[in-house]
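Using this note's numbering, read the sequence shown as starting at 81 and increasing by one per residue.
From the three backbone atoms N, C-alpha and C, an ideal C-beta is built for every residue, glycine too.
What follows is a single structure, written as C-alpha cells, with notes after it.
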Amino acid sequence: MKIHHFKEVTSTNEVARQYLEEGTVIMADTQTRGRGRHAREWHSPEGGLWCSLVVKHEPAPVLNLAAALAISKAFEHFGLLTRLKWPNDVHVDQRKICGILSETEGDYIIVGVGVNLNNKEFPEDIPGTSYVTETGNVVDRMEFLEKFVETFNAVIQDDFLTEYRKYSSTIGSTVIVKNGREITGTAVDVDEKGRLILRLENGKEMKIYSGEILRLHQLQ
Ligand code: BTN
C-alpha cells in the first residue's frame with residue numbers, strides 16, 4: 081500500500097486519477113469539492129477520513145460491498161458496532177457514519193471512502209454521526225486507514241458475502257428502493273454481483289443493481 085497524504089484537495093477521487101497504480105491510496109485532511117452519490121456534495125471537514133483506493137480488478141458494485149464491510153470491521157476493531165445499508169452505506173442506528181463512491185478510470189476503479197471519525201458536524205439533509213460522537217474517543221486516522229485497507233485486501237480475496245450478510249441492516253427488512261421508480265418489497269439477500277434481491281408483494285423476486293433505500297422498516 082502506498083499512501084499519498086494531502087492537506088487539502090478538491091476530491092481524493094479526482095486526485096487518484098493521476099495515480100493509477102494498483103494499491104495506491106490518496107488521503108486528504110479536507111476536500112473542497114467532495115462528491116457523494118447521486119451528484120450530492122460530500123461535506124469533508126478536518127477530522128474525517130477522506131480517501132480513495134485505486135483497484136484494478138472486480139466490478140465496482142462488489143468492491144463497494146467489500147469496502148463497506150471492511151469499514152464495519154475496522155470500526156469493530158476500534159470498539160464501535162456499525163451496520164451496512166445496501167448498497168454501501170455504513171450506519172449506526174440509522175445515522176450515516178460512512179459513504180462510498182466508486183468511479184471508473186480506464187482499467188481501474190477508484191473506490192472513494194468518506195468516514196466520519198473525529199469530525200462532529202454533519203450536513204442537515206442526511207442524519208449523520210461519527211466515531212467521536214458515538215464513543216467520545218478520538219481515533220488516529222492513519223491507524224484506522226491502515227486497518228481498513230488491510231481488511232479490505234483480505235475481504236476481496238475471500239468469499240465475503242456470508243460475512244456481509246451478518247452486518248447488513250437491509251436484508252430482512254421491508255424497503256422502498258428508488259432507482260428511477262419506487263419499488264417496494266422485502267430485501268431477502270445480496271448476490272455475488274452486489275445486487276439486492278427484493279421479494280415483491282406479488283411474491284416474485286427482482287434483482288436490483290443500484291438505487292437508494294428511502295425507507296426501511298425492520299421486520300420483527
Ligand atoms: C455517498 O454519497 O455516500 C458517498 C460519499 C463518498 C465520499 C468520499 S470522501 C473521499 C472520496 N472523495 C470524494 O469526493 N468522495 C469520496
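query	result
Three-state class that DSSP yields for glutamine 237 in the structure shown	helix
7 Å CB neighbourhood of arginine 279 in its chain, flanking five on each side removed	Gly265, Thr266, Val268, Glu285
Local Cβ density within 10 Å of lysine 176, reported as buried at 16 or more and exposed below that	buried
Selected residue, minimal CA-CA separation from tryptophan 130, among Ala108, Cys178, Ala147	Ala108
Closer than 5 Å to the ligand BTN: residues, by C-beta to nearest heavy atom, in chain order	Ser91, Thr92, Asn93, Gly114, Arg115, Gly116, Arg117, Trp122, Trp130, Gly179, Leu181, Gly192, Gly194
Unbroken stretches of the beta strand (DSSP E), 3 residues or longer, contained in the segment 159 to 209	163 to 165, 169 to 172, 175 to 185, 188 to 195
Straight-line Cα distance separating proline 203 from serine 210	12 Å
Given 8 Å, three or more beta-carbon pairs between the segment 151 to 158 and the segment 112 to 126	no
Beta strand (DSSP E) segment containing threonine 110, residue limits	104 to 111
Continuous alpha helix (DSSP H) stretch holding alanine 147: start and end	140 to 157
Residue closest to lysine 87, alpha-carbon to alpha-carbon, out of Leu100, Thr112, Gln98	Thr112
Valine 142 versus glycine 274: straight-line alpha-carbon distance, rounded	5 Å
Coarse secondary structure for leucine 299, derived from DSSP in three states	Because leucine 299 sits at a pLDDT of 46, beneath the cut-off of 50, its placement in the model cannot be relied upon, and the point is left open.
Leucine 294 (DSSP reduced to helix, strand or coil)	strand
Contact check, valine 195 vs cysteine 178, beta carbons under 7 Å	yes
Top-ranked residue by Cα proximity to aspartate 238, from Val105, Arg115, Ala147	Ala147
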